[in-house]
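Peer 1: Residue 1301 is where the sequence shown starts when you use the numbering used here, and the numbers rise one by one after that.
Glycine is no exception: its CB is placed at the ideal position from the N, C-alpha and C atoms.
These numbers come from a predicted model, not from an experiment.
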Amino acid sequence: MAINGKRFTSPSAAAVSITGNSVNGWIFWECKMPGLNSWKTIKNLRNQ
């Protein structure tokens, strides 16, 4: 995962860089898939 050009080894590491706190990145990050109206956590995509 990359944010503003900086690469992270996990979604959690990227989330910590944003929040400054310990965060489960799999439930912190959301995405909106093409053709859908709702946002989903990346955890939901991981489980598919």
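For the alpha helix (DSSP H) that contains residue 1328, what are its first and last residues?
Peer 2: 1325-1328
Peer 1: Assign residue 1319 to one of three DSSP states: helix, strand, or coil.
Peer 2: Three-state DSSP puts residue 1319 in a helix.
Peer 1: Please say whether residue 1310 and residue 1324 have beta carbons closer to each other than 8 Å?
Peer 2: no
Peer 1: Using only the alpha-carbon positions, how far apart do residue 1305 and residue 1314 sit?
Peer 2: 12 Å
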